[in-house]
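> Sharing a structure with you now.
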Amino acid sequence: MQRRIFLAGLGAMTRVAQAASPFRAVVSFSVLADMLRQVAGDITIVTLVPPDGDVHVYQPRPGDLRDISDASLLVQNGLGLEGWMRRLAGAATFRGVSITATDGVMLRHVDGDIDPHAWQDPRNGVIYVRNIMQGMVKINPAELGAHRERAARYTTQIAAVDEWIAAQFATIPPKDRRIITTHDAFGYYGARYGIEFLAAEGISTDSEPSAKSIAALVAQIKREKIRAVFIENMTDPRLARMLARESGAILGGTVYSDSLSPPRGPAATYLEMLRHITTLFVRAMT
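Here you go:
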């Protein structure tokens, strides 16, 4: 769903940024902000969609134009995740380097559409980091060695988490590896670790599921005895609660799909997010 972009007006702007530095970057949402932070070193980062925000239905604000115009680097996910970004960036006088973090990832298709949630597979996360590192090299080539070193260290950490996740599911029978979530955000994760995810909504949260589709999902949960329904941090929890109530499944907790938690939350970084959701999924399956 396209949202109107307001290009005039005043008001408080919600921003997540680091201390002042010679370079400024704008990123679309919090997962990318954390990845950039791990690679970039001394750079100011402005995050348009804050932690716990929904990137699918974000409504750009007047201050976004100024932030993008002032930036040296613009990082977005692409694949249709930020449907509002093309118009916003086009309205700004951006002259910096633009990076699409998903360039080169292994894509998943759903009913003819591309699933944009590629970061949920850590192998794609490594590709994100590589693309971000290349963007940093373009705006600050003097720090080439440092960018490469930080990116290499970070990708090693991502690979270690990937290995840890696989080990957590290794002893769980395939028939028990089924999870219900609010929207279809964990397909890449499921393909990587052999888990079937069912969702009330599709790959975007910009429309509500029909009563017919909800009834069909409730019937499937009952029929297949799927154990748990999960709330996503950036969606209305009432849908997940209703699914659990109507089906008899348990509420497995709150997982993080399209947004990190605030700094003091359980998923304040990309790696913490992966560990957190894995811990909750495994707990629900065993």
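With numbering that gives the first Met the number 0 as the guide, the letters of the sequence shown map in order to residues 0 to 285. Idealized CB from N, CA, C, for every residue including glycine.
(1) Rounded to the nearest angstrom, what separates glutamine 156 and aspartate 63 at their Cα positions?
(2) Measuring alpha carbon to alpha carbon, tell me which residue in Arg152, Arg240 and Ala239 is nearest arginine 129.
(3) Quick one: which unbroken alpha helix (DSSP H) runs of 4-plus residues sit fully inside the stretch 185–270? Chain order, please.
(4) Starting from valine 45, trace the alpha helix (DSSP H) in both directions and tell me its first and last residue.
(5) Give me the Cα-Cα distance between isoleucine 249 and phenylalanine 185, rounded to the nearest whole angstrom.
(6) Straight-line CA distance for methionine 272 to leucine 106?
(7) How would you call valine 45, buried or exposed, if buried means at least 16 neighbouring beta carbons within 10 angstroms?
(8) Quick test of the definition: if touching needs 3 or more C-beta pairs under 8 Å, does the stretch 263–277 touch the stretch 155–170?
(9) Please specify which runs of the beta strand (DSSP E), each continuous and at least 3 residues long, are wholly inside the stretch 82–157, giving them in chain order.
(10) Should leucine 6 go down as buried or exposed, given a rule of 16 or more other Cβ atoms within 10 Å for buried?
(11) Could you name the residues of the same chain whose beta carbon sits closer than 7 Å to that of glycine 40, not counting the 5 residues immediately before and after it, in chain order?
(12) Answer yes or no: do valine 54 and leucine 80 have a C-beta to C-beta separation smaller than 8 Å?
(13) Is the beta carbon of proline 261 sitting closer than 8 Å to the one on aspartate 51?
(14) By the DSSP assignment, the beta strand (DSSP E) with serine 27 in it spans what residues?
(15) Just confirm the distance between the C-beta atoms of serine 256 and serine 29, as a whole number of angstroms; I'd bet it's less than 8 Å.
(16) Could you give the first and the last residue of the continuous alpha helix (DSSP H) run that contains leucine 73?
(17) Let's see if you can read the secondary structure: which residues bound the beta strand (DSSP E) around isoleucine 67?
(18) What does the Cβ neighbour count give for glutamine 58, buried or exposed, with the cut at 16 atoms within 10 Å?
(19) Are the beta-carbon atoms belonging to aspartate 69 and arginine 36 less than 8 Å from one another?
The short version:
(1) 32 Å
(2) Arg152
(3) 186–192, 210–223 and 236–246
(4) Segment 43–48 is the beta strand (DSSP E) holding valine 45; no alpha helix (DSSP H) there.
(5) 19 Å
(6) 21 Å
(7) buried
(8) yes
(9) 96–99
(10) Only weak support exists for where leucine 6 lies, its pLDDT of 35 falling under 50; the value from the coordinates is given anyway. Leucine 6 should be labelled exposed.
(11) Glu142, Ala145 and Arg149
(12) yes
(13) yes
(14) 23–28
(15) Their Cβ separation, rounded to whole angstroms, is 12 Å, which puts serine 256 and serine 29 out of contact at 8 Å.
(16) It is not in any alpha helix (DSSP H) - leucine 73 instead sits in the beta strand (DSSP E) that spans 72–75.
(17) Note, isoleucine 67: premise wrong, no beta strand (DSSP E); alpha helix (DSSP H) at 61–68.
(18) exposed
(19) no
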